[in-house]
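Structure record follows, encoded as structure tokens.
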Amino acid sequence: SVITGNRRDFALGSVVDVRAGETVTAPTLALFHPDAIWEPRSPSWSSDGSTLTYAYGFNSLFGIDAEPEPLDFGASLLAEEVEGAPNIVLFLARGPTSETANQILHQGSLLDSSEGIWITAEGSGILDEPLVTYDVFSTINGLAWLPDGSGFAYSVSGGDVMSADKTGDLIVFDVASGQAQSVADLEGDFAGLVSVSGDGSSIVFERSDELDSLDETLVDPDLWIVGRDGSGLRLLVEHARAPAWSR
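Note that the numbering used here gives residue 13 to position 4 of the sequence shown, counting from 1, and the numbers run on in steps of one.
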């Protein structure tokens, strides 16, 4: 297997005949950077714990039972043909309450390389306009629902990734008002995966001064924490990634 950052891939192009008591050498295998296209990504439980939702392929949103049959692959949660769907989905989160149980919060990249965030109902065949959009020079690197379903937190990074002219931002979006509020302006650093505390008062997120330009994940991040109102920004733990706050 090949592992880099949050990406995993398994190479099946090398075979060797293992012989008891002997040392054998496998054929040379070319290494490559894992891609995100054919791996399950961003798993998220339904509010009742019965279904695990994940992104697969380019932009498919799949769900699978918590106790699946052997070799069960799950099934698409949207209509067979979806109008207005983004081209690639990397991040999603299932609605956290009974009222939002059939809603899927997800990021998506469009043909013009811009990015957006949608809330899409299970079974939909048409996607509404994204709630937020960013141009080609910005990337959404993580998102999470607020526990009461009133909105969500997400990270976005932009600027020149090869120079000091770069910036990360942690933002809270309120669905009812359509308003977005920055809670951590990280000039000179990037922001990555995020998680919100069970009471909705704090957000933990990845932070790093380096972004892998191939898969847009943070390199050797630390975890930082900040209040939902933007107060108390501080380092939580060094050399850690992929936060997931318990409920």
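Just so you know, even glycine gets a beta-carbon here, dropped at the ideal spot from N, CA and C. This structure is a prediction, so every number in the text was calculated from the model and none was measured.
Residue 209 sits away from residue 256, with the two beta carbons spaced by 7 Å or more.
With a cutoff of 7 Å on beta-carbon distance, residue 247 and residue 231 are scored as near each other. Judged by DSSP secondary structure, residue 103 falls within the beta strand (DSSP E) whose first and last residues are 101 to 103. When the alpha-carbon of residue 62 is set against those of 24, 189 and 130, the nearest one is in 130. The criterion of a C-beta distance shorter than 7 Å is not satisfied by residue 227 and residue 211. Looking at the DSSP output, residue 129 shares a beta bridge with 113. Residue 239 and residue 162 have their C-alpha atoms roughly 12 Å apart. Around the beta carbon of residue 188, fewer than 16 other beta carbons sit within 10 angstroms, so the residue counts as exposed.
Residue pairing of residue 54 in beta bridges, as defined by DSSP: 61.
If you ignore the 5 residues before and after residue 69, its C-beta comes within less than 7 Å of the C-beta of 85, all in its own chain and listed in chain order. Here residue 233 really is in contact with residue 242; their C-beta atoms are around 7 Å apart, less than 8 Å. Per DSSP, the beta bridge partners of residue 231 are 216.
Distance check between residue 203 and each of 83, 57, 110 and 51 places 51 closest, using alpha-carbon atoms only. Per the DSSP secondary-structure output, residue 237 pairs with nothing in a beta bridge.
Spanning the alpha carbons of residue 117 and residue 24 requires a straight line of approximately 37 Å. Contact check for residue 136 against residue 115 fails: the beta carbons are separated by 7 Å or more.
Relative to residue 96, the option among 112, 82 and 121 whose CA is nearest is 121. Shortest Cα-Cα distance from residue 82 to any of 73, 89 and 90 involves 73. Secondary structure of residue 157 (DSSP, three-state): coil.
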